[in-house]
Amino acid sequence: MNTGNAMPGDDILLKTGTESVIDTESAVYLLKKLQQNHNLTNIEKLASDGRKAVWASVNWALPLVHAAGIIPVDVGALWNTHSHESESTGENYFQIPPEFCSMVKVMAGRFHERKPGLINKFLYFAATCQPFADVMDLAKLSGYDVYAIENVTSFKAQDRRSEVLDFLVEELERVTLWLNDGELLPPEKIRAELERRNEVTRKLRTFSDLRRLAPSALSNSVMMRVLMGASHYFGCYDGYSALLDRFTDELRLAADLRTDENDDYIPILFVHNGGASKHYLSLIDEARALVVGWPSAMWDGLYRLDIPPLESVANYLFDAQPLGELGEVAGTSAANRCLQIERELKRTGAKGVVTVSMTGCPYGGVTQKIEREHFERLNIPIVTLESNVHQELPGEEQIMRIKTFFEMLDSVQ
Ligand code: SF4
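The sequence shown begins at 81 in my numbering and counts up by one.
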């Protein structure tokens, strides 16, 4: 067990990690406790005790944050509470049109209303959309210490030239200096985090493959919650790793006990590109559909361990982005997502695709249109839905669309 700095969730592992009895309830219980502990209040308390925390919206570079001993805080925490109030500030004070992306409106409002407190650093990747970058400029004006990982543009396969790689490695070095109060991070610390991340990726792949063999053992909503922890480990690597082991054991057992009668599920892919998705996942659960692939939320690429660690992080980005594997809403990754979805359809045997994009996101809307036309040409059923950052039920029209989609899929099974 890691005996380093205590993280939110560590106490849960101590209480539950030594149990030898494995059952679904215990794994879900552990997930719930890890999620509950990894909340903004607890992280702010740790920060007041001297731990560093950073708002981080850039999954592929998170091993650098972990290597600096910093707690990454998911940007979703910015709209977990008071999202309507912040949105209203975004619309009324900054005059952002009501029909525009709720994430941008809420963040603009939130940075204006709440000056930086204990968590005042914000790390993001400059390949994101322009409105997001504009909001980050507002955050700077409000006193946040913002770092944009520089890149000129999203990388395409042909950009993988030595001078571009060198540039990115230098930029990642600057990121580590920014994270670590002007000191370079020891390469062995970064390498250790890359190894951890690779281990999590391998475990997630096994877990996800087993789930296809035991579809009734785990709901789609729970699966999404597990995947969401992959980047920050809910602040507790050992707890998250134990959680994956526990679910894997349960699924292995459930796959052994599997019978045809309780196995009649429609396999689909779920492509989530912003906004709240839990209500859609509940509707998918109700339709007895099984999400067998999560393009945009899960990639099984590994960090190379045979090269210097910052080079490895840079190569990871160059591997992932041209394949559409970074889950970005704008740029190369989003433009190549059709290919990524096609690969997942072949690998998993999914019968249809559900995509969710943020209402009012110009990038997401275009990507969904491209994907709808692409998959309709291939005769692959696809439904494109919308959401926002507020945790509320989707509108009646969206609910009807998803229900109709599953009725259609069910009739052609
Ligand atoms: S959802 Fe779209 S508009 Fe909103 S921040 Fe993301 S890319 Fe930008």
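Just so you know, even glycine gets a beta-carbon here, dropped at the ideal spot from N, CA and C.
As the structure is a prediction and not an experimental result, all values here were calculated from the model.
Contact check, residue i vs residue j, beta carbons under 8 Å
i	j	result
aspartate 285	proline 389	Residue 285 is actually arginine in this sequence, not aspartate. Cβ atoms of arginine 285 and proline 389: not closer than 8 Å.
glycine 429	leucine 419	no
alanine 369	isoleucine 348	yes
threonine 114	tyrosine 317	Per the sequence shown, residue 114 should be read as leucine rather than threonine. Not a contact, by the Cβ cut-off of 8 Å.
tyrosine 224	phenylalanine 205	no
lysine 283	leucine 324	yes
glycine 440	phenylalanine 180	yes
arginine 291	methionine 304	no
valine 393	leucine 252	yes
phenylalanine 212	valine 184	yes
serine 301	aspartate 365	yes
leucine 382	threonine 281	yes
glutamate 477	leucine 385	no
arginine 417	threonine 447	yes
glutamate 273	glycine 197	no
Residue i CB to nearest heavy atom of ligand 1 below 7 Å
i	result
methionine 183	yes
glycine 444	yes
methionine 438	yes
phenylalanine 535	Here the chain covers residues 81 to 493 and nothing more, so residue 535 does not appear.
glycine 354	yes
cysteine 441	yes
cysteine 316	no
cysteine 209	yes
Cβ-Cβ separation, residue j to residue i (assumed contact under 8 Å), whole Å
i	j	result
phenylalanine 287	phenylalanine 327	6 Å
serine 437	glycine 354	6 Å
leucine 259	alanine 148	4 Å
tryptophan 135	isoleucine 199	6 Å
leucine 307	alanine 400	The Cβ separation is near 16 Å, so there is no contact.
threonine 435	threonine 464	5 Å
histidine 312	histidine 118	7 Å
valine 186	leucine 144	Not a contact, Cβ separation roughly 27 Å.
alanine 207	methionine 216	With a Cβ gap of about 13 Å, alanine 207 and methionine 216 do not count as contacting.
isoleucine 421	glutamate 451	7 Å
leucine 298	leucine 337	About 14 Å separates the two Cβ atoms, so there is no contact after all.
glutamate 193	threonine 169	6 Å
valine 153	leucine 120	7 Å
Close beta carbons around residue i, own chain, < 6 Å, minus the five adjacent residues each side
i	result
aspartate 218	First, the residue type needs correcting, since residue 218 is leucine and not aspartate in the sequence shown. So the list reads Ala188, Phe191, once near-sequence residues are dropped.
aspartate 103	Unreliable placement is indicated for aspartate 103, whose pLDDT of 49 sits below 50; the coordinate value is still reported in the next sentence. Cβ within range, chain order: n/a, list empty.
glutamate 424	Leu349, Gly373, Pro375
asparagine 231	Ala206, Ala207
valine 226	Phe202, Met216, Ala219, Lys220
Heavy atom of ligand 3 within 7 Å of residue i beta-carbon
i	result
tyrosine 204	Ligand 3 is not part of this structure, which contains only ligand 1.
Cutoff 8 Å; reference residue i; Cβ partners in own chain excluding five residues on either side
i	result
alanine 356	Ser467, Asn468, Val469, His470, Gln471, Glu472
isoleucine 346	Ala367, Arg368, Ala369, Leu370, Lys431, Gly432, Phe486, Leu489, Asp490, Gln493
histidine 164	His470
isoleucine 479	Leu363, Leu473
arginine 481	Val463, Leu465
glutamate 279	Ser321
Sequence-distant residues of the same chain with beta carbon closer than 7 Å to residue i, five excluded per side
i	result
valine 155	Trp135, Ser137
isoleucine 150	Lys132, Ala133, Val134, Leu259
alanine 127	Ala133, Leu198, Ile199
arginine 277	Pro143, Tyr383
phenylalanine 455	Val433, Ile462
phenylalanine 75	Because the chain in this structure spans residues 81 to 493, residue 75 falls outside the shown range and cannot be described.
Segments of 4+ residues assigned as alpha helix (DSSP H) that fall wholly inside the stretch 413-469: Taken in chain order, the complete alpha helix (DSSP H) segments of 4 or more residues contained in the stretch 413-469 are 417-428, 442-457.
Alpha helix (DSSP H) runs wholly inside the stretch 285-340, at least 4 long, in chain order: You should have 300-308, 317-336.
Entirely enclosed alpha helix (DSSP H) segments - the stretch 210-290, minimum 4 residues: Every alpha helix (DSSP H) of 4 residues or more that sits fully in the stretch 210-290 is shown, in chain order, as 210-221, 242-259.
Entirely enclosed beta strand (DSSP E) segments - the stretch 137-203, minimum 3 residues: Taken in chain order, the unbroken stretches of beta strand (DSSP E) that lie wholly in the stretch 137-203 and span 3 residues or more are 151-154.
Runs of alpha helix (DSSP H) wholly within the stretch 358-413 (minimum 4 residues, chain order): Listed in chain order, they are 358-366, 389-400.
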